[in-house]
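Contents: one structure, followed by commentary.
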Amino acid sequence: MEKKARLYSLFFKAEERFLDHPVLPGFEPDIIIDFVQSGLNLASYYCRHSPNYNPLLQELFLRRVFFHLTDAIAHKGHSRIFRRICLDHLHCPLMALKKYYGQSDEGKRQLYSLQRNLLQLHHNSGF
2 MEKKARLYSL FFKAEERFLD HPVLPGFEPD IIIDFVQSGL NLASYYCRHS
52 PNYNPLLQEL FLRRVFFHLT DAIAHKGHSR IFRRICLDHL HCPLMALKKY
102 YGQSDEGKRQ LYSLQRNLLQ LHHNSGF
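If you count by our numbering, then the sequence shown holds residues 2 to 128, one letter each, in order.
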């Protein structure tokens with residue numbers, strides 16, 4: 002139980018720092034990487050080969066990280082550096098979601114939807 006509580010605590014603290022505006026210049030990589038890594042760690046706690054297997058929670062945390070990153074990229078109030086670092090780290094939750102969805106038809110549809118969101122983001126973000 003202590004491991005689970007620690008993972009949740011780290012994730013929500015990292016998420017709070019990530020969502021807190023404005024970010025102090027120079028700390029962008031630390032904040033973003035900490036948020037992404039803590040989200041992936043929490044999602045892996047619920048992965049298929051874990052005694053705590055829960056596919057809904059695994060997907061929830063992966064998607065939460067993914068969409069927070071995409072929202073930050075689209076948010077013009079963030080610095081260009083912050084947005085660029087978010088873009089550079091977007092592949093982490095995306096690849097984890099790709100692995101999670103696997104080869105099922107529903108999984109392919111979900112992944113296609115995420116890819117469509119990324120294309121729209123690419124066209125609208127200016128990167």
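All C-beta atoms in this analysis are idealised placements derived from N, C-alpha and C, irrespective of residue type, glycine included.
A check of alpha carbon separations from Leu88 across Lys109, Val24 and Val66 identifies Val66 as the nearest. The three-state reading of DSSP puts Leu25 in coil, since its state is none of H, G, I, E or B. Here the C-alpha atom of Leu61 lies approximately 17 Å from the C-alpha atom of Glu17.
The three-state secondary structure of Arg64, taken from DSSP, is helix. Residue environment for Ala73: buried (at least 16 other C-beta atoms within 10 angstroms of its C-beta). Within the region 29–95, the alpha helix (DSSP H) runs of at least 4 residues that lie entirely inside it are, in chain order, 29–46, 56–75 and 81–89. In this model, Phe12 and Gln38 are separated by some 9 Å (Cα to Cα). In this structure, the beta-carbon distance from Lys4 to Tyr47 does not fall below 9 Å. Close CB contacts of Glu29 within its chain, under the 8 Å cut and outside five residues either way in sequence, are with Ser80, Ile82, Phe83 and Ile86 (chain order).
Annotation for Gln121: the continuous alpha helix (DSSP H) segment containing it runs Asp106 to Ser126. Taking 9 Å as the cut-off, the beta carbon of Gly108 is found no closer than this to the beta carbon of His22.
Taking Asn125 as the centre and dropping the five residues before and after it, the same chain places the C-beta of Ala75 closer than 8 Å to its C-beta, in chain order.
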